[in-house]
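Contents: one structure, followed by commentary.
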Amino acid sequence: MSDIEHQVTLWRDHMAKRAGVTAEEVDELEDHLRGHLEQLEASGLNEDEAFLVAVKRLGSQHDIAREFARENSQRLWKQLVLDGTEGPTRAKGDRGGWLPAVLFAVAGAALVKVPTLFGLTLTDDIEFYVRNASLLGLAAVAAYLLWRHRAPAASVISVAVAFGVLAVAANLFDSGNTDVLAMTALHVPIAVWIVVGLAYVSARWRETEARMDFLRFSGEFVIYMVLIATAGGILVGLVGAITELAGYDPSGFLTEWLIPCGAAGAVVIAAWLVEAKQAVVENMAPVLARTFTPLFTAAFLGLIAVVIASGNVADLDRDLLIACDAVLVVAVALVLYNLTARPANARHGWFDWIQLTLAGSALLLNAIALANIVARITDGWTFNRAVVVGGNVILLVNLAVSAWLLIQTVRERAGAVPRLERWQTAFIPVYAAWSLVVVLVLPPLFGLT
């Protein structure tokens, strides 16, 4: 297959995945696309240039193709024209520059220090910051994405209201119960990040492809945050060491200013890097997926072997159950990450078998953990047990359907991968809903208010 035919195939696959688009419509659009290609090549453009211009031209003529041209032409095809030698020239009015990102980062750092105006410090009021860290830290990211993507007023209002609701939820119950505090600290950030996703996709939140874009954004965001955090840790260490050598105690400055303000600014810079340097991470994502998925699959199989070898599968230690739940979350995250890194024209291969093994082993581990938790409920329900059972049931449903769709993928059933994408992206609101249940519903249900 020639390079241009490969690009047309990718384009056709993308169009065929759109809900409500018939095969006849795709054929008709392909005919129009090829017509533009012939005219452009006849005018002297090479194949790569002709394809990019034809996609944009078709997008200006057909509503169905417009979304593809707007969202993918630069992100997926920019290397066809640029050849990886230089960055694209920003058009007038483009909001992708570094200066606005820095300004939003500064605003985020300032927002973290707002509570100090009311006498709240990290040293003396750690519980407040445990409850509200994600709200304070990610508000600037949501604002930046809304501004960057020129979100309509309805999206801005929705995100603002959602942040307000989560701020109330995070601080509504103050029973002094450490379990409630811990679960609030774990679940509020999940809901907050999903609200950031709403800011990212804006009015397109109903579209599967838009939610997939947010998952790609999330995976790439984590990569950049790890890199920034590594460099930041080195910086903090150097500042602390030099300050101590100079005869000063740096602990107050580091804990109250540098670390919290730096972290709040870093998340905005990471969001900017994801969008400004997408070509870099898009090349890394498949490599990372194919490196870590086999390793984690082997780790999951090893953990199952350890559990079985313990000889007490029905009565596992509490700490081991916590470890099982942690790796289940990793399994779901890897399935999502692999979807975002999967090329549109990818065919069934060995990696699909590894993904299926990953999902299957995680499903077995989930079943073992859930059986142990349910067995403990004979002693009575508690807040922690309700949270863990609910979370495990959600993961069990997700993994079971994902494993079934991965089986369909391995068997090369038509549409299996798009159905897996729709299933995973449609499940995102479930995580947000369960987080709110944990924070708002379960504490009063168990009298922990």
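Just so you know, my numbering puts 40 at position 40 of the sequence shown, and the rest follows in order with no gaps. We put the CB at the ideal spot given by N, CA and C, even for glycine.
What is the residue span of the alpha helix (DSSP H) that residue i lies within?
| i | result |
| --- | --- |
| PHE104 | 98 to 113 |
| ASN392 | 383 to 410 |
| ASP213 | 208 to 245 |
| PHE128 | 126 to 148 |
| GLY35 | 23 to 42 |
| TYR248 | Premise fails: TYR248 is in no alpha helix (DSSP H) and is neither H nor E. |
| SER202 | SER202 -> no alpha helix (DSSP H), and no H or E assigned at all. |
| SER435 | 428 to 436 |
| ASP317 | Looking at the DSSP string, ASP317 is not in any alpha helix (DSSP H), and its letter there is neither H nor E. |
| LEU358 | 350 to 376 |
| TRP272 | 259 to 276 |
| VAL439 | Careful: VAL439 lies outside any alpha helix (DSSP H) and carries neither H nor E. |
| PHE163 | 153 to 171 |
By Cβ distance below 8 Å, which residues in the same chain neighbour residue i in space, the five residues on each side in sequence not counted?
| i | result |
| --- | --- |
| ILE373 | LEU321, ARG385, VAL388, VAL389 and ASN392 |
| ARG12 | VAL26 and GLU30 |
| GLU244 | PRO250 |
| LEU396 | LEU363, ASN366, ALA367 and LEU370 |
| ALA359 | ALA331, VAL335, LEU399, SER402, ALA403 and LEU406 |
| ARG497 | Since the displayed the chain opens at 1 and closes at 449, residue 497 lies outside it and no answer follows. |
| ALA298 | none |
| ASP315 | ASN372 and ALA375 |
| TRP193 | SER134, LEU138 and SER218 |
Check whether the Cβ atoms of residue i and residue j sit closer than 9 Å, and answer yes or no.
| i | j | result |
| --- | --- | --- |
| VAL156 | LEU166 | no |
| VAL469 | ILE368 | Because residue 469 is not part of the residues shown, which for the chain are 1 to 449, the question remains open. |
| VAL478 | ALA191 | In this structure the chain extends from 1 to 449, so residue 478 is not present and cannot be described. |
| LEU339 | LEU254 | no |
| ALA331 | PHE351 | no |
| GLU421 | THR208 | yes |
| VAL130 | ALA264 | no |
| ARG211 | ILE428 | yes |
| VAL195 | ALA432 | yes |
| ALA305 | ALA101 | no |
| THR455 | PHE446 | The first residue shown for the chain is 1 and the last is 449, placing residue 455 beyond what the model contains. |
| ALA452 | LEU303 | Any answer about residue 452 is impossible in this case: the structure gives the chain only from 1 up to 449. |
| LEU136 | VAL114 | yes |
| ALA107 | CYS261 | no |
| LEU40 | GLU49 | yes |
| VAL410 | TRP353 | yes |
| GLN355 | THR293 | yes |
Excluding sequence positions up to five away, which residues of its chain have a Cβ less than 6 Å from the Cβ of residue i?
| i | result |
| --- | --- |
| ALA266 | ILE228 |
| HIS149 | SER202 |
| PRO189 | SER134 |
| ASN312 | none |
| PHE128 | LEU120 |
Under a Cβ-count criterion, where at least 16 other Cβ atoms within 10 Å of its own Cβ denotes burial, should residue i be classed as buried or exposed?
| i | result |
| --- | --- |
| HIS187 | buried |
| PHE118 | exposed |
| TRP434 | buried |
| HIS14 | buried |
| ALA154 | exposed |
| TYR248 | exposed |
| GLU220 | buried |
| VAL417 | buried |
| LEU295 | exposed |
| VAL159 | buried |
| VAL55 | buried |
| SER474 | Past the edges of the chain, shown from 1 to 449, lies residue 474, and the structure says nothing about it. |
| LEU37 | buried |
| GLY44 | exposed |
| PRO88 | In this prediction, PRO88 scores a pLDDT of 45, lower than 50, which makes its location untrustworthy; the coordinate-derived value is nonetheless stated afterwards. The residue in question, PRO88, is exposed, as its Cβ has fewer than 16 Cβ neighbours within 10 Å. |
| ALA231 | exposed |
| GLY197 | buried |
| ALA241 | exposed |
Could you name the residues of the same chain whose beta carbon sits closer than 7 Å to that of residue i, not counting the 5 residues immediately before and after it, in chain order?
| i | result |
| --- | --- |
| PHE217 | TYR200 and VAL274 |
| PHE104 | ALA140, ALA143, TYR144 and VAL268 |
| VAL236 | LEU254, LEU258 and ILE259 |
| ASP179 | PHE383 and ASN384 |
| THR121 | GLU256 |
| TYR224 | ALA270, LEU273 and VAL274 |
| LEU76 | Residue placement at LEU76 is flagged as unreliable, the pLDDT there being 43, under the threshold of 50; a coordinate-derived value is accordingly withheld. |
| ILE394 | VAL430 and TRP434 |
| MET183 | VAL387 and VAL438 |
For the ligand SAM, I want to know if residue i counts as a neighbour, meaning its beta carbon is within less than 8 Å of at least one of the ligand's heavy atoms.
| i | result |
| --- | --- |
| ALA210 | Ligands in the displayed structure: none, and consequently the ligand SAM is not present. |
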